[in-house]
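For the protein sequence lines, the chains are A and P, in the order given.
Each residue of the first sequence is one higher than the last, beginning at 1 in my numbering.
Each residue of the second sequence is one higher than the last, beginning at 101 in my numbering.
Accompanying notes for the structure given below.
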Amino acid sequence: AEDTGLRVELAEEDGCSNSSLALRLWVEDPKKLKGKHKDNEAIEFSFNLEADTPEEVAYEMVKSGFFHESDSKAVAKSIRDRVTLIKKIREKKPAGC
Amino acid sequence: SSLTQVVHSAGRRFIVSPVPESRLRES
Numbered sequence: 001a002e003d004t005g006l007r008v009e010l011a012e013e014d015g016c017s018n019s020s021l022a023l024r025l026w027v028e029d030p031k032k033l034k035g036k037h038k039d040n041e042a043i044e045f046s047f048n049l050e051a052d053t054p055e056e057v058a059y060e061m062v063k064s065g066f067f068h069e070s071d072s073k074a075v076a077k078s079i080r081d082r083v084t085l086i087k088k089i090r091e092k093k094p095a096g097c
Numbered sequence: 101s102s103l104t105q106v107v108h109s110a111g112r113r114f115i116v117s118p119v120p121e122s123r124l125r126e127s
């Protein structure tokens, strides 16, 4: 996926038992972001695969002052790429991981 | 810990903590 300068990873082992994930996002390459942000802080949040959208979470992060509006697309894309990967892995694993 | 901060926005909880040193070196 195109490198947004942001890294998103699972904050906890994916138990696959429900649609909720614990994710962690932080800035890996500050030069790739346009607006103001905090470099060495990781933001942990829950993401519900059925109810949430990456855009909505990115919007909340911008509203909370973690990122500038101009970076919300990059934040959403980073979350979307990771969630898509997790869904693919879940599909490949036997039921219940 | 004092380094962790919890922020709520529209019912969503964000837990902010320092990026582990090891992860910073990785990038």
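C-beta atoms are modelled at their ideal positions from N, C-alpha and C, and glycine is treated no differently.
Item	Value
Interface residues of chain P facing S70/A [CB-CB closer than 9 Å]	Result: empty, since nearest Cβ-Cβ is about 19 Å, beyond 9 Å.
One or two residues paired with P118/P in a DSSP bridge	E41/A
Listed by chain order, chain P residues near E41/A by CB distance under 8 Å	V116, S117, P118 and V119
Host beta strand (DSSP E) of L6/A (start-end)	L6 to L10
Cβ shell of G35/A (< 6 Å), same chain only, five flanking positions each side left out	H68, S70 and D71
Neighbouring residues, chain P, relative to E55/A (Cβ below 9 Å)	Result: empty, since nearest Cβ-Cβ is about 13 Å, beyond 9 Å.
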